[in-house]
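Asks:
Residue numbers (full-length UniProt numbering): 1 to 602.
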């Protein structure tokens, strides 16, 4: 059965090389613009064929990249089957990579005609062609990226920087690592240097996606599908480390069936405390003295229903640290060994504003020299409330509030002063492809199989680019590394930045654009790349990116545009920073006013 692929407004903007506002204007001004055939009022979906016909009729320049064609063809099957088809695409690309490694030229045979989840021949051909263009790994990560964007509300994915932090704290290198709620594999991908990788996931689709993502990186892992609570796929198995980002507030976790389960060493988890069931499940699967790093909802540190289990975890020496992160808490636990004396203190830390503080604080706690601990006996005498904000050092509240206020005020920025025109300027235009041909721009990508999770050479990652952070990855010396210089334009699926400082190399899934500074302003180029839609890596097709349109201007005029684009980028970073600082400032203000360390100005 043939399905009509659909596109949303963002897809149309990307195809036509314009901003979303232009698509909104087309819909408003042209009565013959295609009508939605699905979606919602806020997120309408249009027929790709109708949109293509309309664009051709009006002479709009567009190009559907190979990656976009494969993705839209996947989407055409409907949302209910999308995850299943993405999983099938992973099996197909894994088979293609295996065949290429064996030197075989025959097409992989994972797909069986007539199977309810099989890919049709047209889609199979598109995915294999995309795999040949980008390589199987990059092709599949492109499809996964689009899938996760399309289902961001249904799929909870651990932040890459948090995942890497958890794996480092758990000591996963060279060890056996288990994730009993592995989702699409984010924590296991961060554990790729482990000696043995185990994962379980309730969703068969997500389990299959995780397995393909690992195999395409050459990482052997055992991934099973099933309910970890009711049907433990690794019963009796004990790993060196367990990492877990479990589902929060899942009431149907099996309370009635599992009342007498032997995993509840520290107490039967209340029906409304499923996360405490996951904590004990993880402890069951780690060896004595092995570590568990698990994300928890902030309320789990203080809810009355979980008080007894928290107390038992503390008394036994199992719970060693509670760290507040943006949006969740990180609990670090250590399975007690027989006869081992439990510690007298627990590390409680607020790292919502600075993840880099976590590892030094944990190391100081391990070495018994931390000044950020709370006596366990004091917690047991109270409500066993381990909320990090509550245990902020009281003598530091005033200083912390003053520092946060100063940083908040310093982080403000203003938008550029732009002149409003009655009619848009009619300027001679060029494309990125023409600029490349003329030698004004050169492009580079990282080596295809480059890893960014260990070594002495700093690596700029996609997350660093998106968040405006310094290079957080690392790699070893290898052929094909791309050094980054000040003034280079670096782009990912969702971000474009002009780099202020060099000293790092380009990370996976990024594209570097180096301009001839005598004829082209880097901020000018970066601004128009962002305006064109931001999908500017080879994952969206080089040809599509090269059709990005820019006006032909003198260098002086470019610099004026570049300065305005740069102000907008600074404003965006400032808004992100003030959002985080504002939450910290509010919390410190509430705490300080409530406990007497702050007082209203007279």
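Just so it is clear, CB atoms sit at the ideal spot from N, CA and C, and this is done for glycine as well.
Apply the 10 Å Cβ neighbour rule to residue 414 and answer buried if 16 or more other Cβ atoms are within range, or exposed otherwise.
Replies: exposed
Asks: Whose CA, out of 528, 185, 133, lies closest to the CA of residue 448?
Replies: 133
Asks: According to DSSP, is residue 205 part of a helix, a strand, or is it coil?
Replies: Helix at residue 205.
Asks: Look up residue 572 in the DSSP assignment and give the residues it is bridged to.
Replies: Partner(s): none; residue 572 has no beta bridge.
Asks: On the three-state DSSP scale, how would you describe residue 244?
Replies: strand
Asks: How far does the alpha helix (DSSP H) with residue 278 in it extend, from its first residue to its last?
Replies: Residues 274-284.
Asks: Return the Cβ separation of residue 176 and residue 195 in integer angstroms, given the expectation that the two are a contact with Cβ distance under 8 Å.
Replies: That belief holds up - the Cβ atoms of residue 176 and residue 195 are roughly 6 Å apart, short of 8 Å.
Asks: I think residue 140 touches residue 93, with their Cβ atoms under 8 Å apart; what is that distance to the nearest whole Å?
Replies: Contact annotation, residue 140 with residue 93: C-beta distance approximately 5 Å; criterion of less than 8 Å satisfied.
Asks: Are three or more beta carbon pairs between the stretch 202-219 and the stretch 181-189 nearer than 8 Å?
Replies: yes
Asks: Considering only residues of the same chain and omitting the five flanking positions on each side of residue 391, which have a CB-CB separation below 6 Å?
Replies: Spatial neighbours of residue 391 in its own chain (CB-CB distance under 6 Å, excluding positions within 5 residues in sequence) are listed in chain order as 348, 374.
Asks: Assuming residue 290 and residue 335 make a contact with CB atoms under 8 Å, what is their CB distance in whole Å?
Replies: 5 Å
Asks: DSSP has residue 291 in a bridge; who is on the other side?
Replies: 241, 334
Asks: Which residue wins for smallest C-alpha separation from residue 96, given the options 83, 501, 120, 137?
Replies: 137
Asks: Residues in its own chain within less than 8 Å of residue 329 by CB, not counting five upstream and five downstream?
Replies: 295, 296, 297, 298, 300, 301, 322, 323, 388
Asks: Suppose only complete runs of 4+ residues qualify. What are the alpha helix (DSSP H) ranges in the stretch 385-467, listed by chain order?
Replies: If we require 4 residues or more, the alpha helix (DSSP H) runs fully inside the stretch 385-467 come out as 397-410, 432-437, 462-467.
Asks: Indicate whether the contact test is met: 3 or more Cβ pairs, each with one atom in the stretch 486-497 and one in the stretch 511-530, closer than 8 Å.
Replies: yes
Asks: Go ahead and pull the three-state DSSP assignment for residue 477.
Replies: Correct three-state label for residue 477: coil.
Asks: Look up residue 345 in the DSSP assignment and give the residues it is bridged to.
Replies: 375
Asks: Please report the distance separating the alpha-carbon of residue 606 from that of residue 225.
Replies: For residue 606 there is no data in the structure shown, the boundaries of the chain being 1 and 602.
Asks: Bridge partners of residue 324, per DSSP?
Replies: 329, 350
Asks: Starting from the Cα of residue 344, find the closest Cα among 333, 74, 331, 316 and give me that residue.
Replies: 316
Asks: By a C-beta neighbour count over all protein chains shown, 10 Å radius and 16 as the cutoff for buried, is residue 562 buried or exposed?
Replies: buried
Asks: Taking residue 503 and residue 458 to be in contact with their CB atoms under 8 Å, please state how far apart those CB atoms are, rounded to whole angstroms.
Replies: About 7 Å separates the two Cβ atoms, so the contact holds.
Asks: Do residue 67 and residue 130 count as a contact pair if the criterion is CB distance below 8 Å?
Replies: yes
Asks: What residue range does the alpha helix (DSSP H) around residue 548 cover?
Replies: Note, residue 548: premise wrong, no alpha helix (DSSP H); not H, not E.
Asks: Return the first residue and the last residue of the alpha helix (DSSP H) that residue 234 is part of.
Replies: First-last for residue 234: undefined, no H or E at that position.
Asks: Under DSSP, the beta strand (DSSP E) around residue 179 begins and ends at which residues?
Replies: 176-179
Asks: How many Å lie between residue 432 and residue 526 at the Cα?
Replies: 11 Å
Asks: Do three or more CB pairs link the stretch 399-419 to the stretch 440-447 at distances below 8 Å?
Replies: no
Asks: Residue 18 bridges to which residues according to DSSP?
Replies: Note: residue 18 sits in no beta bridge, so no partner.
Asks: Distance check for residue 319 and residue 311, CA to CA, integer angstroms please.
Replies: 9 Å
Asks: Out of 36, 198, 154, 125, which has the shortest C-alpha to C-alpha gap to residue 248?
Replies: 154
Asks: Give me, in chain order, the residues of the same chain whose beta-carbon lies closer than 8 Å to that of residue 474; leave out the 5 immediate sequence neighbours on both sides.
Replies: Closer than 8 Å at Cβ, skipping near neighbours: 452, 453, 454, 455, 456, 457, 458, 459.
Asks: In terms of residues, what are the limits of the alpha helix (DSSP H) holding residue 159?
Replies: Element bounds for residue 159: n/a, residue is neither H nor E.
Asks: Rounded to the nearest angstrom, what separates residue 220 and residue 197 at their Cα positions?
Replies: 7 Å
Asks: Which class does residue 482 belong to by DSSP, given the choice of helix, strand or coil?
Replies: coil
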